[in-house]
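Report on the structure given below.
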Amino acid sequence: MRENSVTYKSISFTALLLALNFGALSVSGCSPNDTDQSQANSPKTETAPIKIADFPAPLGEEETGISHTLPVPFDKNWAIIHDANFHSMIDGRFIVFDSAAKSKSYKGTMHGGLVAGMDVSVARNEIYINTTYQSRGISGERTDIIAIHDLGNLEKTGEIILPPKRGANMPFKNAFRLSGDDSLSFSYNFTPAASISVSDMNTKTFLTEVPIPGCTLAYPMGAKGFASMCGDGAMIGVSLDSVGNVVKETRSERFNNIDDNALFLKHARFGDILYFPTFKGSIQPVDLSTDTPKPLQKWSLVSAAEREANWRPGGWQLIAGDNKNSLFILMHPDGAEGTHKNGGSELWVFDVNTKTRTRKIELKTWGVSVAVAGERLIVTNAEMQLDIYDLANGAFSHTFGDGIFTPFIVYSGQGQ
12 MRENSVTYKS
22 ISFTALLLAL
32 NFGALSVSGC
42 SPNDTDQSQA
52 NSPKTETAPI
62 KIADFPAPLG
72 EEETGISHTL
82 PVPFDKNWAI
92 IHDANFHSMI
102 DGRFIVFDSA
112 AKSKSYKGTM
122 HGGLVAGMDV
132 SVARNEIYIN
142 TTYQSRGISG
152 ERTDIIAIHD
162 LGNLEKTGEI
172 ILPPKRGANM
182 PFKNAFRLSG
192 DDSLSFSYNF
202 TPAASISVSD
212 MNTKTFLTEV
222 PIPGCTLAYP
232 MGAKGFASMC
242 GDGAMIGVSL
252 DSVGNVVKET
262 RSERFNNIDD
272 NALFLKHARF
282 GDILYFPTFK
292 GSIQPVDLST
302 DTPKPLQKWS
312 LVSAAEREAN
322 WRPGGWQLIA
332 GDNKNSLFIL
342 MHPDGAEGTH
352 KNGGSELWVF
362 DVNTKTRTRK
372 IELKTWGVSV
382 AVAGERLIVT
392 NAEMQLDIYD
402 LANGAFSHTF
412 GDGIFTPFIV
422 YSGQGQ
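The sequence shown begins at 12 in the numbering used here and counts up one residue at a time.
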């Protein structure tokens with residue numbers, strides 16, 4: 012700074028207030044150097060008074076509560092993001108977006124509460140969100156509900172009150188599912204006693220609670236039944252009638268080697284067959300076409316050389332399927348005990364009929380979850396954004412990251 016050559020000027024806030032009240036603005040200049048004669052001798056300037064009429068007219072009141080209508084059923088490329096919002100977990104959200112659009116892809120949002128479950132009934136044009144609220148946010152009276160939303164405008168139209176037992180775990184697709192015929196819903200409870208709350212989705216009423224001791228989650232089976240994965244390595248099958256009464260309960264042979272090469276609880280479904288990956292790189296198919304879960308022959312995802320390099324599956328929702336018998340699974344090298352949630356640098360594609368790999372997709376960014384929506388692959392990356400790839404050739408298209416925080420699961424907008 013050059014000495015004796017810089018003049019400091021300020022506008023007095025008090026003078027500004029006086030100007031607004033009395034219609035005059037006073038501007039004063041001052042110098043830190045009392046000997047600065049140039050400032051002292053400078054002529055004073057008069058400023059024209061400011062009048063209220065000089066200000067622009069105030070903005071009109073903005074109308075709120077406007078809800079636009081989306082086309083239903085949703086386009087095949089539309090998906091529903093579950094943003095569990097780990098920055099404020101009681102404020103989870105479900106976001107409808109167009110995975111094929113590079114702009115204006117955000118279509119709408121619904122509140123999700125605490126680590127909710129979700130399913131879609133295209134037949135009834137409804138979205139169901141199974142969640143938990145407390146009267147004082149993080150304390151107070153607890154209420155577990157199934158919130159009912161209109162598929163077209165996403166507005167909440169009602170709710171079903173459930174027993175306050177819902178399992179508040181990390182988001183699992185099978186913590187809340189509709190039955191095969193859409194007539195019932197299954198909500199997983201953990202108190203720590205395990206059970207399933209069954210509701211009638213036609214009358215919108217809670218029906219009953221079905222105990223599933225030692226088992227977890229609900230995989231729809233048949234028209235009205237469900238299967239659950241159990242801690243002894245078996246699966247149970249529970250058949251229900253139209254009012255939720257247990258008609259039959261069965262148990263499979265033990266096929267899940269939990270101590271050595273356990274199954275992930277996530278799966279890809281093709282018809283009545285569920286494909287579960289294992290920690291060490293196999294696929295275990297399970298047939299749910301009858302009232303008893305039936306494990307089918309296990310097959311490997313990796314070659315001998317890939318096993319030597321410790322290529323393993325990993326991630327959260329690490330597996331997905333399309334409508335052409337292609338299975339997509341996140342894979343990482345140098346796998347070891349405890350890397351099963353690490354995600355993957357590659358997406359491997361398999362034909363479930365031939366049990367062979369058809370291609371590999373090198374990911375732009377490390378992936379932790381994968382989903383399929385129409386002609387797009389959607390990968391939740393390690394930066395908690397969504398990378399979109401072309402389903403047909405695996406080419407990277409674009410990244411969607413606007414207004415989302417922890418999108419661990421992405422659902423198809425077409426329902427199950």
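Using N, Cα and C, we set each Cβ at its ideal position, and we do this for glycine too.
ask   = Do you know how far the Cα of L81 is from the Cα of G163?
value = 5 Å
inquiry  = Please classify N256 as buried or exposed, where buried requires at least 16 neighbouring CB atoms within 10 angstroms.
reply    = exposed
query = Along the chain, which unbroken stretches of the beta strand (DSSP E) at least 3 residues long are found entirely within the region 206 to 291?
reply = 216 to 222, 226 to 232, 236 to 241, 246 to 251, 257 to 262, 279 to 281 and 284 to 288
Residue(s) in a DSSP beta bridge with T425 = Reading off the sequence shown, one finds Gln at residue 425, where the question assumed Thr. Note: Q425 sits in no beta bridge, so no partner.
Three-pair Cβ contact test at 8 Å for the region 106 to 118 versus the region 185 to 204 = no
message = I need the DSSP call for R188, collapsed to helix, strand or coil.
response = strand
task = Count the C-beta pairs between the region 232 to 244 and the region 262 to 269 that are closer than 8 Å, then say yes if the count reaches three, no if not.
result = yes
request  = Could you pull out every unbroken alpha helix (DSSP H) segment of at least 4 residues lying fully inside the region 314 to 388, listed in chain order?
outcome  = 315 to 319
ask   = Helix, strand or coil: which one does DSSP assign to A64?
value = helix
inquiry  = Nearest by alpha-carbon distance to P324: which of F411, V360 and T365 is it?
reply    = V360
message = Which of the three DSSP states is assigned to M121 in this structure?
response = strand
query = Given a threshold of 16 other Cβ atoms within 10 Å of its Cβ, counted over all protein chains shown, does Q308 qualify as buried or as exposed?
reply = exposed
ask   = DSSP three-state call for D102: helix, strand or coil?
value = helix
message = Quick check: what's the CA-CA separation for N213 versus S356?
response = 44 Å
inquiry  = In whole angstroms, give me the CA-to-CA distance for K352 and H343.
reply    = 10 Å
task = Give the DSSP-derived three-state secondary structure of M129 in the structure shown.
result = strand
ask   = Are the CB atoms of N272 and K259 nearer to each other than 7 Å?
value = no
task = Assign R104 to one of two classes, buried (16 or more other C-beta atoms within 10 Å of its C-beta) or exposed (fewer than that).
result = buried
ask   = From K375 to E170, what distance separates their C-alpha atoms?
value = 41 Å
task = Measure the CB-CB distance between P510 and F275 and report whether it falls below 7 Å.
result = This structure does not reach residue 510, given that the chain is present from 12 up to 427, and the question cannot be answered.
query = What did DSSP end up calling G169 once you bin it into helix, strand or coil?
reply = strand
ask   = Where do the N-terminal and C-terminal ends of the beta strand (DSSP E) with V297 fall, by residue?
value = S293 to D298
task = Have a look at the DSSP bridge pairing and note the partners of I159.
result = Y139 and G169
inquiry  = Rounding to the nearest angstrom, what Cα-Cα distance links L338 and M181 in this structure?
reply    = 23 Å
Per DSSP, the bridge partner or partners of S311 = S293
ask   = Counting pairs of beta carbons, one from the region 374 to 389 and one from the region 55 to 64, are three or more of them closer than 8 Å?
value = no
request  = For the beta strand (DSSP E) containing S196, list its first residue and its last residue.
outcome  = L195 to F201
inquiry  = Run through the DSSP bridge pairs and tell me what F411 is partnered with.
reply    = L397
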